[in-house]
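Written below as structure tokens is the structure these notes are about.
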Amino acid sequence: MACSSRSLDHLPSPEEAAGFLVRRLAGQGRTIATAESCTGGLIAESLTRIPGSSSVFGYGWVTYANEAKHDLLGVPWDILNEFGAVSEQTVCAMASGARLRADADFAVAVSGIAGPDGGSPGKPVGTVWIAWVRRDGSVHAERLLHPLPRQEFRAMVASYALMSPFLDV
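Counting in UniProt numbering, the sequence shown runs from 1 upward without gaps.
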């Protein structure tokens, strides 16, 4: 597990982050898939706003319910039952499942609590787990805790997910 040390003060908008990532991946001939829960498709939507994104992005899943995480991405029930939807184990399984199903070079997965309700003492509103996986199987996950208004939280998560240095090759 890694807790983020990157600054969130000057994140680009999700669309700006997506534009940067699409250009970089297109230049490398690489692809990315997405698996989203709390962002509800905002990462995929941001990618598809960019002209030429079809050369790098072909698959995205919105898996808000645990059943969707299991049925569409293959997240094992034992992980969901033991650790919950908002956990390192779940987002790593989501990212790995998305990458494998899309046969992509990279995948990113997010699951969090956007609020205003739904938090708990162990997982308060503003908690999000983000995982990135590469074709070689390496995985990196980070937990962020930033209680923001719901839409600002979703945008922050999408931007952060798209700007990961782990996506550098």
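Heads up, the beta-carbon is just placed ideally off N, CA and C, and yes, glycines get one too.
Residue i in three-state terms, based on DSSP
i: PRO12; result: coil
i: MET1; result: Low local confidence applies: a pLDDT of 45 at MET1 is under 50, so the model's placement there is unreliable, and no value is given.
Own chain residues within Cβ distance below 6 Å of residue i, not counting five before or after
i: SER96; result: VAL133
i: residue 182; result: Residue numbering for the chain in the displayed model covers 1 to 169; residue 182 lies beyond these limits and cannot be assessed.
i: TYR59; result: ALA33, ALA102
Spatial neighbours of residue i in its chain, beta-carbon cut-off 8 Å, leaving aside the 5 residues before and after
i: PRO12; result: PHE20, SER159, MET163
i: ARG154; result: CYS38, THR39, GLY40, LEU42, ALA114
Own chain partners of residue i with C-beta closer than 7 Å, once the 5 adjacent residues on each side are dropped
i: ASN66; result: LEU80, ALA85
i: VAL22; result: LEU47, ILE50, GLY52, SER53, VAL56
i: TRP77; result: HIS70
i: VAL62; result: GLU36, GLY40, GLY41
Integer Cβ distance of residue i from residue j, believed to fall under 8 Å
i: residue 210; j: GLY115; result: The chain is shown from 1 up to 169; residue 210 falls before or after that span and cannot be answered.
i: residue 195; j: SER111; result: In the structure as shown, the chain begins at 1 and stops at 169. Residue 195 is therefore absent and cannot be evaluated.
### Task
Jot down the residue ranges of each uninterrupted beta strand (DSSP E) in the UniProt domain "CinA C-terminal" (18-162), minimum 3 residues, whole runs only, in chain order.
32-36, 57-62, 106-112, 127-134, 139-145
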